[in-house]
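Asks: Numbering (this note's numbering), first residue to last: 429 to 599. Let me give you the structure first, and then I'll get to my questions.
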Amino acid sequence: MSSWITGFTAEVLVTILTEGVYDPATESCKHIVVQNTISTICLSTGLFLLQSVITLTLFTLAYIDVFRGIKASLRFAVSARAEHVNGIKRLKKVTKVTKVAAITTFVLAVCWLPCSVSFYYSLLVYEPFNDLHNLFVVYIGLLAFANSCINPFVYVFSNPELRNALRDIFC
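The structure is reproduced here in structure tokens:
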């Protein structure tokens, strides 16, 4: 939820602090800050930090904290009596779900970070990255959309019940 709020806040700032300019020669639009280099650098850097660096750092710190808590709970549960077997099973399930969430977040970062970096660069140099004849632009666009295709595979490989059900259907 925090990443959606952060992204929305950053997009509102882009709308307020930039001006859309159409270039008929290239048939492209770009957002520029009113011809002030310092404002452009500050806005671009702030957006990049807000949308990418700070959000990914918060996710990483949250996952580290969750994994530490799970590890401490498992250590305590193992040292306790055997009657806490259900608690240990529940903690192992929570650990597995957390690992899957961490993996999907990592995949999201890998898929979207090149797009964020290129957007940051395009704001700094006043050049839009929307030329579909440029192979790099096509690559980062496909990589960003590949995130939606990769997530189902992450879920299938991490869930044996789902894997078995798919095997029964297709084999």
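Quick reminder that beta carbons are idealized off the backbone N, C-alpha and C, glycines included.
Hey, could you find the ends of the alpha helix (DSSP H) Val-584 is sitting in?
Replies: Position 156 of the sequence shown holds residue 584. Per DSSP, Val-584 belongs to the alpha helix (DSSP H) from 563 to 586.
Asks: Classify Glu-447 as helix, strand or coil using the three-state DSSP reduction.
Replies: Residue numbering aside, residue 447 sits at position 19 when the sequence shown is read from its first letter. Of the three classes helix, strand and coil, the one that applies to Glu-447 here is strand, per DSSP.
Asks: Please list, in chain order, all residues of the same chain as Val-424 whose beta carbon is under 7 angstroms from its beta carbon, the five residues on each side excluded.
Replies: Absent from the model: residue 424. The displayed extent of the chain is 429 to 599, so no value can be given.
Asks: From Ile-466 to Ser-544, what does the alpha carbon distance come to, in whole angstroms?
Replies: Along the sequence shown, one-based indexing puts residue 466 at 38. Along the sequence shown, one-based indexing puts residue 544 at 116. Between Ile-466 and Ser-544, the C-alpha separation is close to 20 angstroms.
Asks: Considering only their Cβ atoms, is the gap separating Ala-490 from Cys-539 smaller than 7 angstroms?
Replies: As a first step, residue 539 is located in the sequence shown; it is residue number 111 there, counting from the start. As a first step, residue 490 is located in the sequence shown; it is residue number 62 there, counting from the start. Against a cut-off of 7 angstroms, the Cβ pair of Ala-490 and Cys-539 comes out as no contact.
Asks: Measuring CB to CB, does Thr-533 end up less than 7 angstroms from Phe-581?
Replies: If you number the sequence shown from 1, residue 533 lands on position 105. If you number the sequence shown from 1, residue 581 lands on position 153. No.
Asks: Just the C-alpha distance for Val-528 and Thr-454, rounded to the nearest angstrom, thanks.
Replies: In the sequence shown, residue 528 corresponds to position 100, counting from 1. In the sequence shown, residue 454 corresponds to position 26, counting from 1. Cα to Cα, the separation comes out at about 43 angstroms.
Asks: Just how far apart, CA to CA, sit Ala-500 and Leu-478?
Replies: Indexing the sequence shown from 1 puts residue 500 at position 72. Indexing the sequence shown from 1 puts residue 478 at position 50. Cα to Cα, the separation comes out at about 32 angstroms.
Asks: Taking the straight line between their C-alpha atoms, what separation do you get for Ile-578 and Ile-597?
Replies: The sequence position of residue 578 within the sequence shown is 150, counting from 1. The sequence position of residue 597 within the sequence shown is 169, counting from 1. Approximately 21 angstroms between the Cα atoms of the pair.
Asks: If I measure Cβ to Cβ from Leu-551 and keep anything under 6 angstroms in the same chain, skipping five residues before and after, which residues do I get?
Replies: Position 123 of the sequence shown holds residue 551. So the qualifying residues of the chain are Ser-472.
Asks: Using beta-carbon positions only, say whether Ile-568 and Ser-546 come within less than 7 angstroms of one another.
Replies: Position 140 of the sequence shown, counted from the first residue, corresponds to residue 568. Position 118 of the sequence shown, counted from the first residue, corresponds to residue 546. For Ile-568 and Ser-546, yes; Cβs fall inside 7 angstroms.
Asks: Using the Cα positions of Thr-485 and Ala-593, report the straight-line distance between them to the nearest angstrom.
Replies: Within the sequence shown, numbered from 1, the residue matching residue 485 stands at position 57. Within the sequence shown, numbered from 1, the residue matching residue 593 stands at position 165. For Thr-485 and Ala-593, the distance between alpha carbons rounds to 36 angstroms.
Asks: For Cys-539, does the three-state DSSP call read helix, strand or coil?
Replies: Working through the sequence shown from its first residue, we reach residue 539 at position 111. Of the three classes helix, strand and coil, the one that applies to Cys-539 here is helix, per DSSP.
Asks: Taking all protein chains shown into account, decide if Phe-564 is buried (16 or more other Cβ within 10 angstroms of its Cβ) or exposed.
Replies: Residue 564 sits at position 136 when you count from the first residue of the sequence shown. Exposed.
Asks: Just verifying my parser: in three-state terms, what is the DSSP assignment at Cys-457?
Replies: Here residue 457 refers to the residue found at position 29 when the sequence shown is read from its first residue. Strand at Cys-457.
Asks: If you measure between the beta carbons of Thr-523 and Ile-492, is that distance less than 7 angstroms?
Replies: For the purposes of this step, residue 523 is taken as residue 95 along the sequence shown, with counting starting at 1. For the purposes of this step, residue 492 is taken as residue 64 along the sequence shown, with counting starting at 1. No, the Cβ-Cβ distance between Thr-523 and Ile-492 is not below 7 angstroms.
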